[in-house]
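There are 2 protein chains.
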Amino acid sequence: MNPTLIVIACGLVSLLYGAWAIRSVIAAPAGTPRMQEIAGAIQEGASAYLARQYFTIAVVGVLIFALVFWLLGALVAVGFAIGAILSGTAGYIGMLVSVRANVRTAQAASQSLQGGLDIAFKSGAVTGMLVAGLALLGVAVYFFVLTSILGHDPTSRTVVDALVALGFGASLISIFARLGGGIFTKGADVGGDLVGKVEAGIPEDDPRNPATIADNVGDNVGDCAGMAADLFETYAVTVVATMVLAAIYFAGSDHLSATMLYPLAIGGACVLTSIVGTFFVKLGGGTNIMGALYKGFIVTAVLSLIILLPVTYLVFGSFSTTLTAGATAAAEAVTTAAGTDGAAAVADAVAQTGTAAGITFTPFDLYLCGVAGLVITGLIVWITEYYTGVGFRPVRSISQASVTGHGTNVIQGLAVSLEATALPALVIIAGIIFTYSFAGLYGIAIAVTTMLALAGMVVALDAFGPVTDNAGGIAEMADLPEDVRSTTDALDAVGNTTKAVTKGYAIGSAGLGALVLFAAYTEDLKYFIAHSDQYPFFQGVTSETLNFSLANPYVVVGLFFGGLLPFLFGGVAMTAVGRAAGSVVEEVRRQFREKPGIMEGKDRPDYGRAVDMLTKAAIREMILPSLLPVLSPIVVFFLINAIAGKGEAFAATGAMLLGVIVTGLFVAISMTAGGGAWDNAKKSFEDGFVDRDGVKHLKGSEAHKASVTGDTVGDPYKDTAGPAVNPMIKITNIVALLLLAVLAHQGV
Amino acid sequence: MNPTLIVIACGLVSLLYGAWAIRSVIAAPAGTPRMQEIAGAIQEGASAYLARQYFTIAVVGVLIFALVFWLLGALVAVGFAIGAILSGTAGYIGMLVSVRANVRTAQAASQSLQGGLDIAFKSGAVTGMLVAGLALLGVAVYFFVLTSILGHDPTSRTVVDALVALGFGASLISIFARLGGGIFTKGADVGGDLVGKVEAGIPEDDPRNPATIADNVGDNVGDCAGMAADLFETYAVTVVATMVLAAIYFAGSDHLSATMLYPLAIGGACVLTSIVGTFFVKLGGGTNIMGALYKGFIVTAVLSLIILLPVTYLVFGSFSTTLTAGATAAAEAVTTAAGTDGAAAVADAVAQTGTAAGITFTPFDLYLCGVAGLVITGLIVWITEYYTGVGFRPVRSISQASVTGHGTNVIQGLAVSLEATALPALVIIAGIIFTYSFAGLYGIAIAVTTMLALAGMVVALDAFGPVTDNAGGIAEMADLPEDVRSTTDALDAVGNTTKAVTKGYAIGSAGLGALVLFAAYTEDLKYFIAHSDQYPFFQGVTSETLNFSLANPYVVVGLFFGGLLPFLFGGVAMTAVGRAAGSVVEEVRRQFREKPGIMEGKDRPDYGRAVDMLTKAAIREMILPSLLPVLSPIVVFFLINAIAGKGEAFAATGAMLLGVIVTGLFVAISMTAGGGAWDNAKKSFEDGFVDRDGVKHLKGSEAHKASVTGDTVGDPYKDTAGPAVNPMIKITNIVALLLLAVLAHQGV
């Protein structure tokens, strides 16, 4: 039997799990009529959001589909469609379940903590397993269809381009969900607070505020649909890039099919361990919710560690076979060169095949790379918890700084956000060195693949957050008893930490995944250059004109240009939140003015209109920033091409990709960690924060107010700009890959 | 006559100008006894600061001197001493003049605006001309001594190492002045405000606050001594790196002496044009202070543009001679290789000599590169003014966001700070492409040299700021009439803009200067490798093991490692300000407790103790962050050497240098531009800010309070962390250069 079919079966198991979990969530009691009324409004809002968002995506998607079809052909365009549709489906179903689980969680929380935890986590797990399952299925099925049914060679450009386009389809959804969604959620949050708390003097989650429902919808938009699309993209793109690297490195080798299968096999195995892990999310006797969630996570990680050993053996048929990456390509290039123009050409060929040539390793080395991926995940989770958790120095230092005012709170928060980048970066650096020394670039790719294979579990932890957040809001609005609210609060507090932790994971994996994409870019380029007889555009590009060395100023130019993108993008995204919030303020003011009965509780606000208007504003605001990563590789390439020729243009574009990763990683980590720390510093005042001088500061104190300022600043940091940097990094990379494909295809 | 002597004469002219300007400042009337009393306290505080700071520097300096002597010999150690002593002297004299000019400015301002402007600017010009003059003299005289008197070959390692060590000496002062000084100034500012305004309820600049004098001293510490040391370092380091590049590229060529002289000649010529420019800082009939300052700046720039034409002709004897960079070295390496091991070695040699080989250009091309440097300077000034000036969109958007609260003010400020990085980066990118296409890496170096040749004028503009700031404080404390205060306020407002603009210039030039240093690193490395018979440590490093390509994971590791440094450094520096401010709070509380008469105005606070205590705190706080740039290159080199061998270690270290520049440039620009924008957004409320809805917000309004929060956040951003990133970038680079020298010297 074709082993890809086993992988496909694993993917189908995750869909079955999803179907089962959806049924069991929906079967739970949905609470009082008042609760259902509120939940109904949130569901209505979510549908309004999804309808407009997906309509826009559909329009843009059809245009891109047509463009890809025209430039690269039908099979590639279909790949694009598969990626977009599956990622969209995961987010869509996840959202629909999430806005139905919230009220059921509130209801269950009125019975027991375990009950609330069960429903909320199961709802998150639906999204998680759909993400991992559909991403895996998308890649595996299409690869199977292309190679085993349509009979294309696995290393052919058609297959490579179609898979890359699949990643690009996922990217389309991801930028909409992360950037548009991020602007939506924080626009609703900030705008709703401004006009509700500040102007009208009504509390958060007050049903009289027309923006309240938008705020609740926004929680799901960000941490359910947003995270789903983000990790779907990273997952798909990383698996694809790993397969592309395998196709290039092992072309003509006996191990080609095994090395191309291996990332899919890892994905299949870890989907199963993720499903098993979900059943270990149990409180046991105590009330340690975080402990229960980590139990599930650790079970998944340990089981993966174990199961990958036999998987590796089965895929390669041995632990000690010698795999040689790039040997064929290198030998071929050098031989060709030697046959033609003598020493200079040999030098060219050697330089072009570069470090990939002739690295050897065993399947067991690859297994160790996978283990490294799991260790990196664990360390990043641990570091993020340190920087954003209430009990540790960073958050305490922000709480302490709040005592002396708004300004010092923000200063300390910024200090923490900057500092928080160092350890994750060191972990990533260590991971690169370790895995590279074991199995070269392919080893790095396997480590990232393994890291991402846990995406099902990780997304479950993240998508758990908005359900509990909503449940708290519903309990508040439906005037449920105080103890229900405190149960949902306990769940929600944990949700804040899991949201921060999973964002750290998402960014870390995106950073490493982008490196794999960058490797795919350079290897692709080498391939086209080595076969420039078939790809006339690449004729004349030699190692003298294509020079990725840092000593080449065009490389430096590329690094700077790439480096500026996350900063500019972050700045524009933060401004967009401000403007979207402004439009919420206008809308709410208008509703208050036109329906004076709202404030008296007599008239029902028009929640749907607020949601729809904000969705429109968010989509309008995302146009400019989302064009940045799409256009930058194209502009840089053609600009430098005009100035200095093709070779330097390829070098500058490649360097740009790395520039985006280098600054993007730091910008994104600093924003998400800083935002999480500010958030929890604010929370530390809810139970009363005891400062250095022994004074206790409670909710409502001046120190608490200062901490609220920090939290407000952290919101667009951690929920809009920071997470949106992820898809931005990857889109820049994948557009560059597609650009190569288009140039190769045109034969200009 | 040796043309270096003409350059030395130009340097001496700037010292003469300095002496004349000092005399004329000191000769001005020093105001009432009360004013002199206050100024006396500031002078006392400045002396206390300088005494402790320079004592610490002396101790550290002697240790490093001994180390350099031991590792690299006497001449190199003397170079280090020259750099440190001259930079220290410029800052020391500048500070002493500045704290005497402040009271005289206040006195002159009571007569006329032009009078106040005259003294304040002249005081700034003293620092400026000392910086440019002493930096030029240091390099030129020592070069003359080494080559013409001691008879060393200009391209010999002794001369190169001695000049690099001179840059390192300047770096020592620079990190103390920028980082220690930055922590001092903002510790005094934030701490003084916290304990004075917030706790004791007394206004800023109230003589009862023991931290008031420290605050006034701090202004000079940051913008006079700090900027002086920073630009002294950038100036010296850039001129040295340019000369080193010339020595490598033109070794054995007829044009060696001309290309090594050219940067010095540019420096000499522009010192003269800067001096001429100072005489054009006149109000004319109006009251446009900024216009008057820009008049001086523009005269300097235009005169430089003109005078560089004949200077270029005189240095090279023609505009159209063909200069070929690196031809000899390349040819030599290839010939040697061909003579030994055949094709592979030729490939090695070709790869190693790389892009530098055989680039040809004319002296007129170099002149155009110089013009590009001036244009870059102009554009950066213009962009910085746009992002930090009161009349433009960015600052207005922050003012507008203040209307909705502290949080939105900070969000918008951060958005502006992120966005503000894009245009300067694009200007730098364009500058690199333009100058490289005209004259290769040497062309880039000449552009930066020309940019920095204006340092005298630029430092004058910056050091003008603290004088007017202090003058305002003195006017306040001495109860001078309202109209004097409004004159000093007008001068001070301009000072804020010039401070922001000159910081943009300092960072832009530091970023480009660091590129030149990076080029020096790679060229040095190539040199050692090509002559590994003399430098046994470099034996066995070939193009296969030394691979600067982005496809090499150790290069990526280096980029990430370098990239994290500015973030970590910035975070630690921000935290340090918080802690230093805390120690000010303790000290002031103690004085209030022990001398209750202070608050009643009966007892004199112990200003000196507050200054001394804060100086100690600042020095303690700077230890950890200042070790980062010093140790990082060493740690990275030996770590990667242990893991992957020498070649990869050199590659990773080199990549680290570029990583620091790439993220450092963005971090520094975002911090200084953001801080300036926050500052001016606060100022916009002083005349009343009219928001989008037509409501006017005055000083004391809620919106104004929100803008004060942003300003507080911006303070350590723009005055501590941001500017300190400059020396950090350069120290990392220069330590790496010294590391190469040490490795070459040890012959291990």
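Residue numbers (the working numbering), protein chains in the order written: chain D, 1 to 748; chain A, 1001 to 1748.
Beta carbons: idealized from backbone N, C-alpha and C, even for Gly.
Checking 8 Å against the spacing of the C-beta atoms, do residue i and residue j come in under that value?
i, j, result
"D:G128", "D:A463", "yes"
"A:I1173", "D:I643", "no"
"D:P154", "D:L245", "no"
"D:A576", "D:E523", "no"
"A:A1471", "A:A1109", "yes"
"A:L1303", "A:V1271", "no"
"A:L1231", "A:V1458", "yes"
"A:A1170", "A:S1087", "yes"
"A:V1237", "A:D1161", "no"
"D:S399", "D:A681", "yes"
"A:D1189", "A:D1205", "no"
"D:A51", "D:Y607", "no"
Since residue i and residue j are thought to touch, with beta carbons under 8 Å apart, how far apart are those beta carbons, to the nearest angstrom?
i, j, result
"D:V195", "D:L166", "Not confirmed; about 43 Å, so no contact."
"A:H1566", "A:V1725", "The sequence shown places Pro at residue 1566 of chain A, rather than the His named in the question. That belief holds up - the Cβ atoms of A:P1566 and A:V1725 are roughly 5 Å apart, short of 8 Å."
"D:F561", "A:I1634", "With a Cβ gap of about 31 Å, D:F561 and A:I1634 do not count as contacting."
"A:A1651", "A:N1496", "Actually they do not touch by this definition, with Cβ atoms about 44 Å apart."
"D:L414", "A:M1574", "6 Å"
"A:R1208", "A:M1728", "Not quite, the Cβ-Cβ distance comes to about 38 Å (not below 8 Å), so this is no contact."
"A:V1217", "A:A1046", "5 Å"
When the Cα of residue i is compared with those of the options, which residue comes out closest?
i, options, result
"A:V1555", "A:P1629, A:G1608 and A:L1657", "A:L1657"
"D:A757", "D:L15, D:A471 and D:L163", "This structure gives no information on residue 757 of chain D, because the portion of chain D shown stretches from 1 to 748."
"A:P1310", "A:Y1367, A:P1394, A:I1731 and A:I1064", "A:Y1367"
"A:Y1142", "A:T1155, A:G1079, A:F1121 and A:M1574", "A:G1079"
"D:L665", "D:S123, D:S509, D:V68 and D:R620", "D:S509"
"A:M1613", "A:I1213, A:G1405 and A:H1152", "A:I1213"
"A:T1450", "A:L1067, A:V1062, A:K1683 and A:L1264", "A:L1264"
"A:P1536", "A:L1179, A:L1134, A:A1741 and A:A1225", "A:A1741"
"D:Y387", "D:A41, D:V484 and D:K503", "D:K503"
"A:L1525", "A:R1100, A:A1736 and A:F1168", "A:A1736"
"A:D1719", "A:I1729, A:I1734, A:K1682 and A:A1668", "A:A1668"
"D:V588", "D:G700, D:A610, D:I93 and D:V395", "D:A610"
"D:T488", "D:Y505, D:M477 and D:T468", "D:T468"
"A:G1031", "A:Q1053, A:L1071, A:A1074 and A:R1100", "A:R1100"
"A:G1685", "A:R1396, A:Y1262 and A:N1102", "Position check: residue 1685 of chain A holds Phe in this sequence, whereas Gly was assumed. Considering only alpha carbons, the answer is A:R1396."
"D:I383", "D:T404, D:T421 and D:G558", "D:T421"
Report yes if the C-beta of residue i is less than 7 Å from at least one heavy atom of the ligand ATP; otherwise report no.
i, result
"A:T1155", "The ligand ATP is absent from the structure shown, which contains no ligands of any kind."
Q: Would you list, in chain order, the members of the region 419-430 of chain D that have their beta-carbon closer than 8 Å to a beta-carbon of chain A?
A: Correct list: E419, A420, T421, A422, A425, L426, I428 and I429.
Q. When you check each C-beta in the region 1658-1675 of chain A against every C-beta of chain D, which residues fall closer than 9 Å?
A. L1658, G1659, I1661, V1662, T1663, L1665, F1666, V1667, I1669 and S1670
Q) Taking a cut of 8 Å between CB atoms, which residues from the region 1389-1401 of chain A lie near chain D? A) Taking 8 Å as the upper bound on Cβ-Cβ separation, chain D lies near residues S1397 and A1401 of the region 1389-1401 of chain A.
Q) Closer than 7 Å, Cβ to any Cβ of chain E: which residues of the region 533-554 of chain D, in chain order? A) Protein chains in the displayed structure are D and A, and chain E is not among them.
**Q.** Contact residues within the region 564-575 of chain D, judged by C-beta distance below 7 Å to chain A
**A.** Listed in chain order, the positions of the region 564-575 of chain D with a beta carbon within less than 7 Å of a beta carbon of chain A are L564, F567, L568, G570, G571, V572, M574 and T575.
Q) Using Cβ-Cβ distances below 7 Å, what residues of the region 697-723 of chain D are close to chain A? A) T709, T712, V713 and P716
**Q.** Under 7 Å (Cβ pairs) to chain D, residues found in the region 1034-1047 of chain A
**A.** Cβ contacts with chain D: none found.
Q. Of all the alpha helix (DSSP H) runs that stay within the bounds of the region 271-331 of chain D, which reach a length of 4 or more residues?
A. 289-316
Q. For the region 643-712 of chain D, which segments carrying the alpha helix (DSSP H) assignment without a break, of at least 4 residues, lie completely within its bounds, in sequence order?
A. 646-684
Q | chain A contacts from the region 405-418 of chain D (Cβ-Cβ distance under 8 Å) | A | G405, H406, G407, T408, V410, I411, Q412, L414, A415, V416, S417 and L418
Q. Residues in the region 499-522 of chain D with C-beta within 8 Å of chain A's C-beta atoms, listed in sequence order?
A. L515, F518, A519 and T522
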